[in-house]
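Using the working numbering, you'd call the opening residue of the sequence shown number 1400 and step up by one each time.
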Amino acid sequence: MRNLDITTLRSFMAVANAGGVTRAAGFLNLTQSAVSMQLKRLEETLNLQLLDRSGRGVTLTPAGAQLLTYAQRIVDLNDEAYAKLTDQNWEGDIVLGVPEDIVYPVIPQVLHRMGRTHPRVRVQLVTSFTKTLKESFSKGEVDVILTTETGVERGGETLAEVPLRWIGAPDGQMWKARPLRVAFCRRCVFREDTLKRLDEAGIDWELAVDSDSDVTIDATVSADLAITTKLEGHAPPHLVQIENGNALPDLGTQQINLYTGSGKTQMVDTLSSYLRQGMTAVA
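See below:
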């Protein structure tokens, strides 16, 4: 029996999630050549081609896709065993702030992973609007925050740049109505720019609901009483991206940014690493 090396599996996972060696090397703090060498060694060990390098970027072969599932389980189990055996005194609380519209699907996965690898660390999740989270972060009330912004401020790190999409009910027809009925929270960072783009496109609109609750917005949209906007890949499962054939204006992109505090270094570093990997995979 031949053994799979944990380090090479980590590099393979990073490349698979990032879609390329160069980007993965940055996340791993390794040179591009070092990552390429590890991938070559892994393919030679298995005598399989794991990555398709024929197009732009890198995609997984069928064998690579199968290995990715095993690699995640192997690395997670390794990290869990190491943490439980060597980090018995590493415990404490950490507060993570995330905008409600990007909680899914990444954050539950990150919380689950932290719980497995560092069971003595309690991660408290706070959800709110980007502006509120940044205010709390500046006061030291939150240790790590994710934000959705058109740029990034000093001290922040952009994890992904994601298209903003029109979202509606499955088989919904509200996007065809004029005036267009739209639903946004009062403090939604997408609201002002979206309404401006509708004005510029000459599309009459009206607010279908005025609320501070994302649940209210989602319920209204799921009933096909309005449409809204969300980042691609982050809509709840009961809503869908609207294929409108250019009947609605393009919404541009938003950056998902990471801001971390200076305290609790080890816990923050680990949580930040999991967030990077998760957001890269979705993007």
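For every residue, glycine included, the Cβ atom is placed at its ideal position computed from N, Cα and C.
Assuming residue i is part of the beta strand (DSSP E), what are its boundary residues?
i	result
residue 1630	1627 to 1630
residue 1610	1604 to 1610
residue 1455	No beta strand (DSSP E) holds residue 1455; DSSP gives it neither H nor E.
residue 1580	1579 to 1584
Quick one: measure Cβ to Cβ for residue i and residue j, integer angstroms, because I've assumed they're closer than 8 angstroms.
i	j	result
residue 1596	residue 1648	4 angstroms
residue 1460	residue 1449	6 angstroms
residue 1593	residue 1628	5 angstroms
residue 1419	residue 1456	5 angstroms
residue 1650	residue 1580	Residue 1650 to residue 1580, Cβ: 17 angstroms. No contact.
residue 1473	residue 1408	6 angstroms
residue 1639	residue 1567	7 angstroms
Check for me: the alpha helix (DSSP H) holding residue i runs from which residue to which?
i	result
residue 1461	1461 to 1485
residue 1665	1664 to 1681
residue 1426	1420 to 1427
residue 1633	Taken as a continuous stretch (DSSP letters only), residue 1633 belongs to no alpha helix (DSSP H), as it is neither H nor E.
residue 1623	No alpha helix (DSSP H) holds residue 1623; DSSP gives it neither H nor E.
residue 1516	1505 to 1516
residue 1592	1590 to 1599
residue 1646	No alpha helix (DSSP H) holds residue 1646; DSSP gives it neither H nor E.
residue 1430	First-last for residue 1430: undefined, no H or E at that position.
Using DSSP's beta-bridge definition, name the partner residues of residue i.
i	result
residue 1493	1522
residue 1567	1639
residue 1415	According to DSSP, which records beta bridges pairwise, residue 1415 is partnered with nothing at all.
residue 1540	According to DSSP, which records beta bridges pairwise, residue 1540 is partnered with nothing at all.
residue 1545	1657
residue 1561	1653
residue 1556	1657
residue 1498	1527
I'd like to know whether the C-beta atoms of residue i and residue j end up nearer to each other than 8 angstroms.
i	j	result
residue 1519	residue 1490	yes
residue 1444	residue 1510	no
residue 1416	residue 1665	no
residue 1516	residue 1482	yes
residue 1467	residue 1412	yes
residue 1434	residue 1453	no
residue 1421	residue 1437	no
residue 1658	residue 1539	no
residue 1667	residue 1493	yes
residue 1611	residue 1585	yes
residue 1503	residue 1633	yes
residue 1588	residue 1528	yes
residue 1619	residue 1582	yes
residue 1501	residue 1670	no
Does the beta carbon of residue i sit closer than 8 angstroms to a beta carbon anywhere in chain D?
i	result
residue 1419	Included in the structure is just one protein chain, with no chain D present.
Is residue i near the ligand NAD, going by C-beta to nearest heavy atom under 7 angstroms?
i	result
residue 1519	In the structure shown, the ligand NAD is absent, as is every other ligand, since no ligand is present at all.
- Task: Would you check if the segment 1553 to 1570 and the segment 1651 to 1671 touch, i.e. whether three or more CB-CB distances between them fall below 8 angstroms?
- Result: yes
- Message: Tell me whether the segment 1519 to 1526 and the segment 1492 to 1503 touch, counting them as touching only if at least three CB pairs, one residue from each stretch, are closer than 8 angstroms.
- Response: yes
- Query: Can you find at least 3 beta carbon pairs, one from the segment 1615 to 1627 and one from the segment 1566 to 1573, that sit closer than 8 angstroms?
  - Reply: yes
- the segment 1601 to 1608 touching the segment 1537 to 1548, judged by at least three CB pairs closer than 8 angstroms: no
- Item | Stretch pair the segment 1458 to 1478 + the segment 1632 to 1643: three plus CB contacts closer than 8 angstroms | no
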